[in-house]
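**Q**
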Amino acid sequence: MSNAAPAEAAPAEATSTAEGEAPPAETAPVEGKAPAEAAPAEGEAPAEPAPEEPKACAPPPPDEPTSEPLEVTVEDKSDSSVTITWRPPKTVPANSGLDGYTVEITKEGTEDWKAVNEDLTVSCRYVIKNQTTGDHLLIRVVAVNSGGRSPPATIADPILVKEVGARPKVRLPRFLRQRYVKKVGEKINLVIPFSGKPKPVVSWLKDGEPLDPKRANIRTSDTDSILFVRQAERVDSGSYEMCVKVDDFEDKAAIIIQIIELPGPPASIKIADVWGFNVALEWTAPKDNGNTEITGYTVQKADKKTGDWFNILEHYTRLNATISDLIMGNTYTFRIFAENKCGLSEECATTKEEATIVKEVIDYKPTPFVERDFTEAPKFTTVLNDRSTTVGYSTKLLCSVRGSPKPKIMWMKNKMILNNMDNPKYRMISTGGICTLEIRKPGQYDGGEYVCRAENQLGKVDTGCKLEVKKPVYADADNHWFMIIKTMIFTSTEPVYADADKDKEAE
Numbered sequence: 002m003s004n005a006a007p008a009e010a011a012p013a014e015a016t017s018t019a020e021g022e023a024p025p026a027e028t029a030p031v032e033g034k035a036p037a038e039a040a041p042a043e044g045e046a047p048a049e050p051a052p053e054e055p056k057a058c059a060p061p062p063p064d065e066p067t068s069e070p071l072e073v074t075v076e077d078k079s080d081s082s083v084t085i086t087w088r089p090p091k092t093v094p095a096n097s098g099l100d101g102y103t104v105e106i107t108k109e110g111t112e113d114w115k116a117v118n119e120d121l122t123v124s125c126r127y128v129i130k131n132q133t134t135g136d137h138l139l140i141r142v143v144a145v146n147s148g149g150r151s152p153p154a155t156i157a158d159p160i161l162v163k164e165v166g167a168r169p170k171v172r173l174p175r176f177l178r179q180r181y182v183k184k185v186g187e188k189i190n191l192v193i194p195f196s197g198k199p200k201p202v203v204s205w206l207k208d209g210e211p212l213d214p215k216r217a218n219i220r221t222s223d224t225d226s227i228l229f230v231r232q233a234e235r236v237d238s239g240s241y242e243m244c245v246k247v248d249d250f251e252d253k254a255a256i257i258i259q260i261i262e263l264p265g266p267p268a269s270i271k272i273a274d275v276w277g278f279n280v281a282l283e284w285t286a287p288k289d290n291g292n293t294e295i296t297g298y299t300v301q302k303a304d305k306k307t308g309d310w311f312n313i314l315e316h317y318t319r320l321n322a323t324i325s326d327l328i329m330g331n332t333y334t335f336r337i338f339a340e341n342k343c344g345l346s347e348e349c350a351t352t353k354e355e356a357t358i359v360k361e362v363i364d365y366k367p368t369p370f371v372e373r374d375f376t377e378a379p380k381f382t383t384v385l386n387d388r389s390t391t392v393g394y395s396t397k398l399l400c401s402v403r404g405s406p407k408p409k410i411m412w413m414k415n416k417m418i419l420n421n422m423d424n425p426k427y428r429m430i431s432t433g434g435i436c437t438l439e440i441r442k443p444g445q446y447d448g449g450e451y452v453c454r455a456e457n458q459l460g461k462v463d464t465g466c467k468l469e470v471k472k473p474v475y476a477d478a479d480n481h482w483f484m485i486i487k488t489m490i491f492t493s494t495e496p497v498y499a500d501a502d503k504d505k506e507a508e
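FYI, in this note's numbering the residues of the sequence shown are 2 to 508.
1. Check whether the segment 367 to 381 and the segment 325 to 332 touch, using three or more Cβ-Cβ pairs below 8 Å as the test.
2. Tell me where the beta strand (DSSP E) around phenylalanine 229 begins and ends.
3. Would a C-beta distance cut-off of 8 Å place valine 247 and arginine 168 closer than the cut-off?
4. Would you list the residues sitting across from arginine 150 in a DSSP beta bridge?
5. If you draw a straight line from the C-alpha of lysine 115 to the C-alpha of proline 63, how long is it?
6. Using a Cβ-Cβ cutoff of less than 6 Å, which residues in the same chain neighbour glycine 393 once the five nearest sequence positions on both sides are dropped?
7. Can you check whether the CB of leucine 398 is closer than 8 Å to the CB of tyrosine 451?
8. Taking DSSP as the reference, what is the three-state secondary structure of leucine 263?
9. Rank Asp387, Asn421, Ile260, Ala455 by C-alpha distance to the C-alpha of cysteine 436 and give the top, closest one.
10. Could you check if proline 25 is buried or exposed, using at least 16 other CB atoms within 10 Å of its CB as the buried criterion?
11. Taking DSSP's pairing of strands, which residues face lysine 271 in a bridge?
12. Rounded to whole angstroms, what's the CA-CA distance from threonine 390 to glutamine 458? Just pull it up for me.
13. Are the segment 242 to 256 and the segment 195 to 207 touching by the rule of at least three beta carbon pairs closer than 8 Å?
14. Could you tell me which uninterrupted beta strand (DSSP E) segments, each at least 3 residues in length, are contained entirely in the segment 186 to 239, listed from first to last along the chain?
15. For alanine 15, I'd like the list of residues in its chain whose CB is within less than 8 Å of its CB, leaving aside the five on either flank, ordered along the chain.
16. For asparagine 341, write down the residues that DSSP places opposite it in a beta bridge.
17. Mind the definition here: the segment 215 to 224 touches the segment 258 to 277 only if three or more C-beta pairs lie below 8 Å; say whether that holds.
18. So, does the segment 373 to 381 touch the segment 288 to 303, judging by three or more C-beta pairs under 8 Å?
19. Could you give the DSSP three-state label for phenylalanine 370: helix, strand or coil?
20. Return the residue from the list Arg388, Glu348, Gly330 that minimises the CA-CA distance to valine 362.
21. My output table needs one value for phenylalanine 375: the three-state DSSP class, helix, strand or coil.
22. Could you give the DSSP three-state label for tyrosine 394: helix, strand or coil?
23. Provide the residue span of the beta strand (DSSP E) that contains aspartate 326, from first to last.
24. Beta-carbon within less than 7 Å of serine 97's beta-carbon, same chain only, minus the 5 sequence neighbours each way: which residues are those?
25. My understanding is that isoleucine 261 touches lysine 342, with C-beta atoms under 8 Å, so please give their C-beta distance in whole angstroms.
26. Could you check what DSSP says for tyrosine 446 in three-state terms: helix, strand or coil?
27. For leucine 138, collect the residues of the same chain with a Cβ closer than 6 Å to its Cβ; drop the 5 residues on either side in sequence, then sort them by chain order.
28. From this set, Phe250, Ile256, Glu234, which residue's C-alpha is nearest tyrosine 241's C-alpha?
29. For the segment 77 to 149, list the beta strand (DSSP E) runs that are entirely contained and at least 3 residues long, ordered along the chain.
30. For proline 194, which residues from the same chain have a beta carbon less than 7 Å from its beta carbon, with the 5 sequence-adjacent residues on both sides left out?
31. Quick one, which of Thr134, Ile156, Gln132 has its alpha-carbon nearest valine 143's?
32. Less than 8 Å between the beta carbons of glutamate 340 and tyrosine 298, yes or no?
33. Do you know offhand how far glutamate 72's Cα is from serine 269's?
34. What is the residue span of the beta strand (DSSP E) that methionine 429 lies within?
35. Which of helix, strand or coil does DSSP assign to phenylalanine 335?
36. Just to confirm my understanding: we take methionine 429, look at its own chain, exclude 5 residues before and 5 after, and list those with CB closer than 6 Å. What are they?
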């Protein structure tokens, strides 16, 4: 390799030489290493990095055809035409899309496929015209796009070019449009009408397979078909399909039959907890539900003393329950029946262990009795009130008192103690805390200040009042007798007539 410096000089180097400065010596690049970049001249800006070359774009993916069209069927036909329909392909590439469809036909026994549409059709329905009556045609549809032709979708059986008198139709009864439920052992007899001209060919399938003649019988007339099962079993449950076919046209109807029976017992049951007067039960659903859903459970209990079973819960839908209000000291056993649309299971699940409601021992510790002190000093609850009376009219002074022990009652008049034994004019009564002083026919000198005193060991208390005895007031004696005589005269005289003539006529 040559170690000579390159012949061409940079403009910066020429400028330096012109000013009298020697150009920097250049060294040959070391083999295996990249040449070092020249340092920028003093006062000169660093050189900008070279722009990166744009990366080459990846080539676009090649165009691909679509998948085959779906469900090519015969919609209608006449003596010279056949109308077909189909569904778009399941897969359509995003880059190539879908341009249209080509419909191709060939006669049965040949492979000479010819397109019947000159231009692509975008519709999923096409009428194949100008055909010969009686020909058997094979028909296929191809989807076309920029990627090419899709795999063809072909009608499996040859199509006879011939007008149909009446297209076949299954007239399924309304009650068979929903699930048809029967119990084990019952009879199934379903009559399903149909129509079509000429007479349709009727076929039956169960779960996609031909019917077992040992289990079901089919009787078909010109207008209906009968599905008959003498004694239904659970194996007869499934989806039944009736198909009526006239030439290339057919109609189908599906019937869901469900055969049910009583469920089995719950798989397990246990006593989860016992506390107080309560028992918690838990159980699991039965392994055999009778081919229908479980609608509930019936829970029963039995006392060990009597052994009689009693219903606790009915139509219960949960898998756990709390049994309450059990009797203390009794031992209980529980059992559970499963229930579905047919009824309760014949067998039940019974708890292996027993639940005993233990009688709790209560240690009664009475609180010490503290005798209450009911003693109380006398106290008047109703005091005496001043009053007045008339000479000769008896009167009573009343008051009420309470106290314990029972206070002694004493009456005084003008600070003098009264004694009913010494003076019968006064009558003193004390009953139930009510104190009464009766003054019989008081005189003018019986007025004054009366005091009632109550006294016991704790004290004494007084209440008093003033009694005023008034003289009776009489009217003037002469005027009094005059009014009495006048009243007697007016009450004994005869009626007085206002008209004198009427008196004469009366005579």
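Beta carbons: idealized from backbone N, C-alpha and C, even for Gly.
**A** Let me lay it out:
1. Between the segment 367 to 381 and the segment 325 to 332 there are fewer than three C-beta pairs closer than 8 Å, too few to call the two in contact.
2. Per DSSP, phenylalanine 229 belongs to the beta strand (DSSP E) from 225 to 230.
3. Result yes, Cβ atoms of valine 247 and arginine 168 sit closer than 8 Å.
4. Under DSSP, the beta-bridge partners assigned to arginine 150 are Val145.
5. For the pair lysine 115 and proline 63, the Cα-to-Cα distance works out to about 28 Å.
6. In chain order, Lys442 place their CB closer than 6 Å to the CB of glycine 393, counting only its own chain and leaving out the 5 sequence neighbours on each side.
7. Cβ distance < 8 Å, so tyrosine 451 and leucine 398 count as in contact.
8. Collapsing the DSSP output to three states places leucine 263 in coil.
9. Residue nearest to cysteine 436 within the set Asp387, Asn421, Ile260, Ala455 is Ala455 (criterion: CA-CA distance).
10. Confidence in proline 25 is poor, its pLDDT being 42 and thus under 50, which makes the residue's placement unreliable; the coordinate value appears in the next sentence. Residue environment for proline 25: exposed (fewer than 16 other C-beta atoms within 10 angstroms of its C-beta).
11. Listed as beta-bridge partners of lysine 271 by DSSP are Glu283.
12. Between the C-alpha atoms of threonine 390 and glutamine 458 there is a straight-line separation of about 36 Å.
13. Yes: the two stretches touch, three or more of their Cβ pairs being nearer than 8 Å.
14. Taken in chain order, the complete beta strand (DSSP E) segments of 3 or more residues contained in the segment 186 to 239 are 189 to 198, 202 to 207, 218 to 221, 225 to 230.
15. Note that alanine 15 scores a pLDDT of 35, beneath 50, so its modelled location is shaky; the value from the coordinates is reported in the next line. Around alanine 15: no qualifying Cβ.
16. Per DSSP, the beta bridge partners of asparagine 341 are Gly344.
17. At 8 Å Cβ cutoff, the stretches do not touch.
18. By the C-beta criterion, the segment 373 to 381 is judged not to be in contact with the segment 288 to 303, since fewer than 3 inter-stretch pairs fall below 8 Å.
19. In this structure, DSSP gives phenylalanine 370 a state outside helix and strand, which the three-state scheme calls coil.
20. Selected option, being the one with the closest Cα: Gly330.
21. If DSSP states are grouped into helix, strand and coil, phenylalanine 375 belongs with coil.
22. Three-state DSSP puts tyrosine 394 in coil, outside helix and strand.
23. No beta strand (DSSP E) contains aspartate 326, which DSSP labels as neither H nor E.
24. Around serine 97: Asp64, Glu65, Asn146, Ser147, Gly148.
25. Contact between isoleucine 261 and lysine 342 is confirmed by a C-beta separation of about 6 Å, below the 8 Å threshold.
26. Helix at tyrosine 446.
27. Ile106, Ile160, listed in sequence order.
28. The candidate whose alpha carbon is nearest that of tyrosine 241 is Ile256.
29. Those beta strand (DSSP E) runs which fall completely within the segment 77 to 149 and span 3+ residues are 83 to 88, 101 to 108, 126 to 129, 137 to 146.
30. Counting only Cβ-Cβ distances below 7 Å, and skipping sequence neighbours, we find Arg172, Thr224, Asp225.
31. Residue Ile156 is the option with its Cα nearest to valine 143.
32. Yes, Cβ-Cβ distance for glutamate 340 and tyrosine 298 is below 8 Å.
33. Distance from the CA atom of glutamate 72 to the CA atom of serine 269, rounded to whole angstroms, is 51 Å.
34. 427 to 432 is the extent of the beta strand (DSSP E) around methionine 429.
35. DSSP places phenylalanine 335 within a strand segment (E or B) once states are collapsed to three.
36. A distance below 6 Å between beta-carbons, with the five flanking residues on each side excluded, links methionine 429 to the following residues of its chain, in chain order: Trp412, Asn421, Leu438.
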